[in-house]
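One structure is given below, encoded as structure tokens.
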Amino acid sequence: MARAKPPSKFASGTGRGTGPIPNRLTLGIDEAGRGPAIGPMVMAAVALDSRSAAILTRAGLSDSKTYGAGDDAHAIRCELDQMIRARAKFVIAVEVEHTEIDERVQRGELNVLERELAIKMIERAYTELGVLELQLDKIIADGKRMFAPLCQRFERFESHDRAEEKHAAVAAASVVAKVIRDQRFLAIKQQYEEELGPIGGGGYANAATRKWVRAYVEKYGRLPAEARLSWPYPFVIDLIGDVQLKGPQVELFASGVLPTDRVLPGDDILPS
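Numbered by our numbering, the letters in the sequence shown go through residues 10 to 281 in order.
Written out as structure tokens, the structure reads:
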């Protein structure tokens, strides 16, 4: 199976000196599905030692987005997911349902939610790795500003933008999270496919997803049960017409029914 070329920025297993680098253990944290309009978000944490990171990198491990979309990309990620789970010292994933995402977006706490989940995963990693008498040398999360507060809570914690492009453990977490997110979304697609056709666009706020949601609304007069109610105005305008919305517009969609004559003042604000 063809795979993406391993990124040279990942640890290769050798240092600048003549001998191999120490076999250090890194916990990487990343998410998949923060932005879609349909389905859950998944956060994952993966602990890899330097040797396993090098082996997985040579096998094609990279940021999950580099493999693209479609069945072939999903197959590559699934194969890598199995390799990651076989070599990782610790793997955990948490699925966040769309209802909780809506609730947190309404309160302006989506970043807070991700930090809370990261704390739980890190504490779980410390517990399980401690039983194995293993110690984390680094904890790296993708999202510099979002996770920066955790630097005060955990030793050896780092937060970086695009960390999944530079650190194998974070790339591994991105793959694990993406595989679960894709499997959950596939189940949603299969539930409706015979009746309404496939959900295009991966469930993200794009034209293909709008087309499918519009077909659902025309048939049932309400939004799909799996839809996030905290969509940004540029997405829902195609569904409800020129209605001025607060963002996030949880109040407008609280009943799951699309109104035709209600106007709410406010700015067009994307969820943070």
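We put the beta carbon where it would ideally sit given N, CA and C, even for glycine.
CB-CB length for glycine 42 against arginine 190, believed under 8 Å:
4 Å
Would you mind sorting tyrosine 229 into buried or exposed? The rule is 16 or more other CB atoms within 10 Å of its CB.
exposed
Whole-angstrom distance between arginine 162 and arginine 207, CA atom to CA atom
Arginine is not the amino acid found at residue 207; the sequence shown has proline there. Spanning the two alpha carbons is a distance of roughly 44 Å.
Rounded to whole angstroms, how far is the Cβ of valine 179 from the Cβ of aspartate 39, which I believe are closer than 8 Å?
5 Å
Less than 8 Å between the CB atoms is what I'm expecting for glycine 48 and tyrosine 213, so what's the real figure, rounded?
Contact doesn't hold; Cβ gap of about 10 Å is too wide.
Report all residues from its chain with a CB closer than 8 Å to the CB of methionine 155; omit the five preceding and five following residues, and keep chain order.
Asn120, Glu123, Arg124 and Ser168
Restricting to runs no shorter than 4 residues, where is the alpha helix (DSSP H) found entirely within the region 78-124?
80-96 and 107-115
Own chain, CB closer than 8 Å to leucine 65, minus 5 neighbours either side, in chain order:
Leu57, Leu89, Met92, Ile93, Arg96, Ala177 and Ala181
Residues near leucine 141 by beta carbon distance below 8 Å, same chain, minus five either side:
Lys98
Could you give the distance in angstroms between the alpha-carbon of arginine 67 and the alpha-carbon of arginine 193?
29 Å
Within 10 Å of its beta-carbon, does threonine 290 have 16 or more other beta-carbons around it, so buried, or fewer, so exposed?
Because the chain spans 10 through 281 in this model, residue 290 falls outside it and cannot be assessed.
Between the Cα of lysine 153 and those of Arg237, Leu205 and Ala172, spot the shortest distance and give me the residue it belongs to.
Ala172
Could you tell me the alpha carbon to alpha carbon distance between isoleucine 197 and glutamate 235, rounded to whole angstroms?
8 Å
Tell me the start and end of each unbroken beta strand (DSSP E) in the region 127-153 that is at least 3 residues and wholly inside, in chain order.
147-151
For glycine 37, does the count of other Cβ atoms within 10 angstroms reach 16, so buried, or fall short, so exposed?
buried
C-alpha distance - glycine 79 paired with glycine 211, whole-angstrom precision:
9 Å
State the DSSP-derived secondary structure class of glutamate 203, mapped to helix, strand or coil.
helix
Between which two residues does the alpha helix (DSSP H) containing threonine 75 stretch?
Note, threonine 75: premise wrong, no alpha helix (DSSP H); not H, not E.
Sequence-distant residues of its chain with Cβ nearer than 7 Å to aspartate 251 (five each side left out)
The predicted model places aspartate 251 with a pLDDT of 45, which falls under 50 and marks its position as unreliable; any figure quoted below should be read in that light. Closer than 7 Å at the Cβ level, and outside the excluded window around aspartate 251, lies no residue.
Check each candidate in Ile149, Arg223 and Lys175 and name the one with the smallest Cα separation from glutamate 164.
Ile149
Segment limits, beta strand (DSSP E) that includes glutamate 167
166-169
Specify the secondary structure class of leucine 57 as computed by DSSP and reduced to three states.
strand
Verify whether the separation of the beta carbon atoms of leucine 138 and valine 103 is less than 8 Å.
no
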